[in-house]
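**Student:**
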Amino acid sequence: MGILTDLRSSISRATSSLFTGGEPKRIGIYGPPNAGKTTLANRIARDWTGDAVGPESHVPHETRRARRKENVEIKRNGKSVTIDVVDTPGVTTKVDYKEFLEHDIEKEDAVRRSREATEGVAEAMHWLREDVDGVIYVLDATEDPFTQVNTMLVGIIESQDLPVLIFANKIDLDEASVQRVSNAFPQHETVPLSALEGDNMDEVYDKIAEYFG
Amino acid sequence: MAEVTTDDGGETPTEGIQIDMISADRMDGLRTMEKIRLILDGVHDDNIVILESGLQPEEESKLIERTMTEINPDGDGFTGIEIESYPGGSGGDNGFLGRLMGNDEPNTLTVIGPADRIETLHKDETLISTLVTRQ
Ligand SMILES: Nc1nc2c(ncn2[C@@H]2O[C@H](COP(=O)(O)OP(=O)(O)OP(=O)(O)O)[C@@H](O)[C@H]2O)c(=O)[nH]1
Ligand SMILES: [Mg+2]
Numbered sequence: 001m002g003i004l005t006d007l008r009s010s011i012s013r014a015t016s017s018l019f020t021g022g023e024p025k026r027i028g029i030y031g032p033p034n035a036g037k038t039t040l041a042n043r044i045a046r047d048w049t050g051d052a053v054g055p056e057s058h059v060p061h062e063t064r065r066a067r068r069k070e071n072v073e074i075k076r077n078g079k080s081v082t083i084d085v086v087d088t089p090g091v092t093t094k095v096d097y098k099e100f101l102e103h104d105i106e107k108e109d110a111v112r113r114s115r116e117a118t119e120g121v122a123e124a125m126h127w128l129r130e131d132v133d134g135v136i137y138v139l140d141a142t143e144d145p146f147t148q149v150n151t152m153l154v155g156i157i158e159s160q161d162l163p164v165l166i167f168a169n170k171i172d173l174d175e176a177s178v179q180r181v182s183n184a185f186p187q188h189e190t191v192p193l194s195a196l197e198g199d200n201m202d203e204v205y206d207k208i209a210e211y212f213g
Numbered sequence: 214m215a216e217v218t219t220d221d222g223g224e225t226p227t228e229g230i231q232i233d234m235i236s237a238d239r240m241d242g243l244r245t246m247e248k249i250r251l252i253l254d255g256v257h258d259d260n261i262v263i264l265e266s267g268l269q270p271e272e273e274s275k276l277i278e279r280t281m282t283e284i285n286p287d288g289d290g291f292t293g294i295e296i297e298s299y300p301g302g303s304g305g306d307n308g309f310l311g312r313l314m315g316n317d318e319p320n321t322l323t324v325i326g327p328a329d330r331i332e333t334l335h336k337d338e339t340l341i342s343t344l345v346t347r348q
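For the protein sequence lines, the chains are E and D, in the order given. Note that the numbering used here has the first sequence beginning at 1, numbered continuously upward. Note that the numbering used here has the second sequence beginning at 214, numbered continuously upward.
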């Protein structure tokens with residue numbers, strides 16, 4: 001059902017942009033669970049629209065539904081770019097409800113969360129194939145970027161010829177290594193930042209304007 | 214359906230671990246969904262599936278999507294898949310050089326197994342070391 005509505009809206013979007021010459025680009029924020037995608041989406045939304053996108057949490061799979069913030073107007077050097085920011089659930093190939101139990105979540109709730117998380121990831125994959133115009137791929141720079149999920153996701157994004165920026169997040173932490181991230185994806189531009197502390201956001205917005213404007 | 218948390222003991226013998234090696238030729242003749250079914254049916258039976266030639270990005274995307282819809286917490290205990298393939302890192306020299314040389318072949322050797330039975334111990338460009346556990 002969701003897929004059908006998505007399909008219909010993407011068709012109407014395609015036709016309407018034929019006539020109006022384009023709507024805001026939809027930028028999907030993708031990456032593994034817990035990388036800081038929602039924290040980033042909230043920061044962007046707060047900086048330019050005043051309100052947030054969704055809850056952030058140290059519990060993985062906090063975001064279990066793609067959430068959108070439309071018409072985010074970013075002003076850079078006298079020009080302005082307008083984008084729709086889509087915060088997506090962290091992509092994974094596995095979800096075990098038992099992992100939620102370690103975060104003091106009751107079994108019933110854990111099962112429900114798992115179910116929502118799997119639906120959310122499936123939806124995010126679908127969106128990636130049909131409904132985004134550009135991707136910000138967020139990685140936790142304190143973690144090993146050479147994972148199969150990252151490799152597959154970046155490969156999928158490349159195969160769609162979508163513009164992509166790699167964000168090396170959490171640089172406020174001592175263990176963060178931006179170098180390791182840029183080594184993992186030398187074919188793409190890596191932008192270091194701390195979404196939580198707001199470090200290096202000027203460059204973040206410059207790059208967003210440059211890549212997705 | 215009753216909750217089953219351990220091996221079902223059904224048609225698959227619990228003594229050993231079945232490994233299915235699927236040739237590139239065999240995969241070439243299949244449509245995307247047929248490939249995904251072949252892989253996921255194997256994994257659901259607790260087998261390790263090895264593909265001589267990996268999947269295309271689009272197929273990987275659908276494999277992830279399909280895997281997610283088949284996870285049923287509280288159900289048969291299926292928690293998803295573990296997947297590893299060569300060459301490691303799309304951004305590694307292999308991938309980049311491969312693209313420069315106009316080689317858009319997907320990753321070659323790919324290992325896929327049930328997430329709760331397979332664990333990657335080590336991975337680099339030349340070696341994938343996995344631990345497969347019996348239940
Ligand atoms: N130190 C530090 N922590 C961060 C930063 N960005 C996010 N975090 C923390 O990392 C955790 C996960 O952040 P989220 O924004 O919820 O992560 P997510 O990628 O949206 O996670 P899912 O929705 O579960 O996929 C939270 O505890 C955040 O406070 C950062 O720049 N620095
Ligand atoms: Mg989130």
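Where a beta carbon is used, it is the ideal one built from N, C-alpha and C, also for glycine. Fair warning: this is a prediction, and the values are worked out from it, not measured in the lab.
Can you find the residues in the same chain that come closer than 8 Å, C-beta to C-beta, to D96 of chain E, ignoring five residues on each side of it along the sequence?
**Tutor:** For the purposes of this step, residue 96 of chain E is identified with residue 96 of the first sequence, where counting begins at 1. Around D96 of chain E: S114.
**Student:** Over the uninterrupted beta strand (DSSP E) stretch that includes E272 of chain D, give me the two end residues.
**Tutor:** On the second sequence, residue 272 of chain D is found 59 positions in, with the first residue counted as 1. Taken as a continuous stretch (DSSP letters only), E272 of chain D belongs to no beta strand (DSSP E), being part of the alpha helix (DSSP H) at 270 to 283.
**Student:** CB of K37 of chain E to nearest heavy atom of ligand 2: below 6 Å?
**Tutor:** Position 37 of the first sequence holds residue 37 of chain E. Under cutoff, so the answer is yes.
**Student:** Is L119 of chain E near ligand 2, with its Cβ less than 6 Å from a heavy atom?
**Tutor:** What you label residue 119 of chain E is simply residue 119 of the first sequence in a count that begins at 1. In the sequence as presented, Leu is not what sits at residue 119 of chain E; that position holds Glu. No, Cβ of E119 of chain E sits at least 6 Å from all heavy atoms of ligand 2.
**Student:** Between the region 226 to 235 of chain D and the region 260 to 274 of chain D, do three or more beta carbon pairs fall short of 8 Å?
**Tutor:** Contact holds: three or more Cβ-Cβ distances are below 8 Å.
**Student:** Whole angstroms is fine: what's the gap from P24 of chain E's alpha carbon to A184 of chain E's?
**Tutor:** Stepping through the first sequence from its first residue, residue 24 of chain E is reached at position 24. Stepping through the first sequence from its first residue, residue 184 of chain E is reached at position 184. Roughly 30 Å separates the two Cα atoms.
**Student:** Under 7 Å between C-beta atoms, does T292 of chain D make it to chain E?
**Tutor:** Working through the second sequence from its first residue, we reach residue 292 of chain D at position 79. Yes, T292 of chain D counts as interfacial toward chain E.
**Student:** So, with DSSP's three-state summary, where would you put S236 of chain D?
**Tutor:** On the second sequence, residue 236 of chain D is found 23 positions in, with the first residue counted as 1. Coil at S236 of chain D, not helix or strand.
**Student:** Any beta carbon from chain D within less than 7 Å of T118 of chain E's own beta carbon?
**Tutor:** Position 118 of the first sequence, counted from the start, is the residue given in the question as residue 118 of chain E. Yes, T118 of chain E counts as interfacial toward chain D.
**Student:** Which of the residues in the region 232 to 251 of chain D, read from start to end, lie with their CB under 8 Å from any CB of chain E?
**Tutor:** Listed by position, the residues of the region 232 to 251 of chain D near chain E (Cβ gap below 8 Å) amount to none.
**Student:** Please find out if some non-hydrogen atom of ligand 1 comes closer than 6 Å to the beta-carbon of L173 of chain E.
**Tutor:** Your numbering for residue 173 of chain E matches position 173 in the first sequence. Yes, ligand 1 has a heavy atom inside 6 Å of this Cβ.
**Student:** Does the count of Cβ pairs from the region 244 to 255 of chain D and the region 167 to 174 of chain E closer than 8 Å reach three?
**Tutor:** They do not touch, by the three-pair rule.
**Student:** Taking C-beta to C-beta, are G120 of chain E and P89 of chain E nearer than 7 Å?
**Tutor:** Counting from 1 along the first sequence, the entry for residue 120 of chain E is found at position 120. Counting from 1 along the first sequence, the entry for residue 89 of chain E is found at position 89. In contact: G120 of chain E and P89 of chain E (Cβ atoms closer than 7 Å).
**Student:** Determine the chain D residues that contact R26 of chain E at a beta-carbon separation under 9 Å, and present them in chain order.
**Tutor:** Within the first sequence, residue 26 of chain E is the residue found at index 26, counting from 1. Simply none; closest approach about 17 Å.
**Student:** Counting only beta-carbon separations shorter than 7 Å, does V181 of chain E have a partner in chain D?
**Tutor:** Stepping through the first sequence from its first residue, residue 181 of chain E is reached at position 181. Not an interface residue.
**Student:** Which value, in whole angstroms, describes the spacing of the CA atoms of R76 of chain E and V149 of chain E?
**Tutor:** Taking the first sequence and counting its residues from 1, one reaches residue 76 of chain E at position 76. Taking the first sequence and counting its residues from 1, one reaches residue 149 of chain E at position 149. Taking the straight line from one Cα to the other gives about 33 Å.
**Student:** Return yes when the Cβ of V85 of chain E is within less than 7 Å of the Cβ of A35 of chain E, no when it is not.
**Tutor:** Position 35 of the first sequence, counted from the first residue, corresponds to residue 35 of chain E. Position 85 of the first sequence, counted from the first residue, corresponds to residue 85 of chain E. Their beta carbons are not under 7 Å apart, which means A35 of chain E does not touch V85 of chain E by this criterion.
**Student:** Considering only residues of the same chain and omitting the five flanking positions on each side of A117 of chain E, which have a CB-CB separation below 6 Å?
**Tutor:** What you label residue 117 of chain E is simply residue 117 of the first sequence in a count that begins at 1. These residues qualify, in order along the chain: H61, R64, V95.
**Student:** Taking a contact to mean a Cβ-Cβ separation below 7 Å, would you say T343 of chain D touches A122 of chain E in this structure?
**Tutor:** Taking the second sequence and counting its residues from 1, one reaches residue 343 of chain D at position 130. Taking the first sequence and counting its residues from 1, one reaches residue 122 of chain E at position 122. No.
**Student:** With DSSP collapsed to three states, give me the class of Y299 of chain D.
**Tutor:** Locating residue 299 of chain D in the second sequence gives position 86, counting from the first residue. In this structure, Y299 of chain D counts as coil in the three-state DSSP scheme.
**Student:** Answer with yes or no whether the minimum CB distance from E338 of chain D to chain E is below 7 Å.
**Tutor:** Taking the second sequence and counting its residues from 1, the one referred to as residue 338 of chain D is at position 125. No, no contact with chain E.
**Student:** When you measure from the CB of A110 of chain E to every non-hydrogen atom of ligand 1, does any distance come out below 6 Å?
**Tutor:** On the first sequence, residue 110 of chain E is found 110 positions in, with the first residue counted as 1. No - ligand 1 has no heavy atom lying nearer than 6 Å to the Cβ of A110 of chain E.
**Student:** Under a Cβ-count criterion, where at least 16 other Cβ atoms within 10 Å of its own Cβ denotes burial, should D87 of chain E be classed as buried or exposed?
**Tutor:** The count along the first sequence starts at 1 and reaches residue 87 of chain E at position 87. Label assigned to D87 of chain E: buried.
**Student:** Does the distance from the C-beta atom of G54 of chain E to that of T39 of chain E stay below 7 Å?
**Tutor:** Here residue 54 of chain E is taken as the residue at index 54 of the first sequence, counted from 1. Here residue 39 of chain E is taken as the residue at index 39 of the first sequence, counted from 1. No. Outside cutoff.
**Student:** For S57 of chain E, return the contacting residues in chain D, with the cut-off set at a CB-CB distance below 7 Å.
**Tutor:** Along the first sequence, read from residue 1 onward, the residue named residue 57 of chain E stands at position 57. None at all; the shortest Cβ gap to chain D is about 19 Å.
**Student:** What does I171 of chain E pair with, by DSSP beta-bridge criteria?
**Tutor:** Here residue 171 of chain E corresponds to residue number 171 of the first sequence, with the count starting at 1. BP columns for I171 of chain E are empty, so no partner.
**Student:** Can you give the Cα-Cα distance for T321 of chain D and Q269 of chain D, rounded to whole angstroms?
**Tutor:** Here the question's residue 321 of chain D lines up with position 108 in the second sequence. Here the question's residue 269 of chain D lines up with position 56 in the second sequence. Their backbone Cα atoms lie some 10 Å apart in a straight line.
**Student:** State the CB to CB distance for the pair M240 of chain D and S266 of chain D, rounded to an integer number of angstroms; the pair is presumed to be in contact (CB under 8 Å).
**Tutor:** For the purposes of this step, residue 240 of chain D is taken as residue 27 along the second sequence, with counting starting at 1. For the purposes of this step, residue 266 of chain D is taken as residue 53 along the second sequence, with counting starting at 1. Confirmed, Cβ separation roughly 6 Å.
**Student:** Taking the alpha-carbon positions, what's the G50 of chain E to E99 of chain E distance?
**Tutor:** By 1-based counting over the first sequence, the position of residue 50 of chain E is 50. By 1-based counting over the first sequence, the position of residue 99 of chain E is 99. Going from the Cα of G50 of chain E to the Cα of E99 of chain E covers about 34 Å.
**Student:** Along chain E, in chain order, which residues have C-beta atoms closer than 8 Å to that of E228 of chain D?
**Tutor:** Residue mapping note: residue 228 of chain D aligns to position 15 of the second sequence, counting from 1. Those do not exist, as E228 of chain D stays about 25 Å from chain E at its closest Cβ, beyond 8 Å.
**Student:** Looking at the secondary structure, which residues open and close the beta strand (DSSP E) in which I29 of chain E lies?
**Tutor:** Numbered from 1 along the first sequence, position 29 holds the residue referred to as residue 29 of chain E. It spans 25 to 30 - the beta strand (DSSP E) in which I29 of chain E sits, taken as one unbroken run.
**Student:** By the criterion of Cβ-Cβ separation under 9 Å, what are the contact partners of A122 of chain E in chain D?
**Tutor:** On the first sequence, position 122 is the one that residue 122 of chain E refers to. Near A122 of chain E (Cβ distances below 9 Å), the residues of chain D are I277, E278, R279, T280, M281, T282.
**Student:** Taking 7 Å as the CB-CB limit, is Y97 of chain E close to chain D?
**Tutor:** Here residue 97 of chain E refers to the residue found at position 97 when the first sequence is read from its first residue. Cβ-Cβ to chain D under 7 Å: yes for Y97 of chain E.
**Student:** Suppose you measure from the CA of Y205 of chain E to the CA of I74 of chain E; what does that come to, to the nearest Å?
**Tutor:** Walking along the first sequence from the start, residue 205 of chain E turns up at place 205. Walking along the first sequence from the start, residue 74 of chain E turns up at place 74. Those two C-alpha atoms are separated by around 7 Å.
**Student:** Would you kindly report the start and end of the unbroken beta strand (DSSP E) that includes T245 of chain D?
**Tutor:** Here residue 245 of chain D is taken as the residue at index 32 of the second sequence, counted from 1. Element bounds for T245 of chain D: not the beta strand (DSSP E) but the alpha helix (DSSP H), 245 to 257.
**Student:** If you draw a straight line from the C-alpha of E332 of chain D to the C-alpha of E272 of chain D, how long is it?
**Tutor:** Looking up residue 332 of chain D in the second sequence gives position 119. Looking up residue 272 of chain D in the second sequence gives position 59. Roughly 23 Å between the two C-alpha positions.
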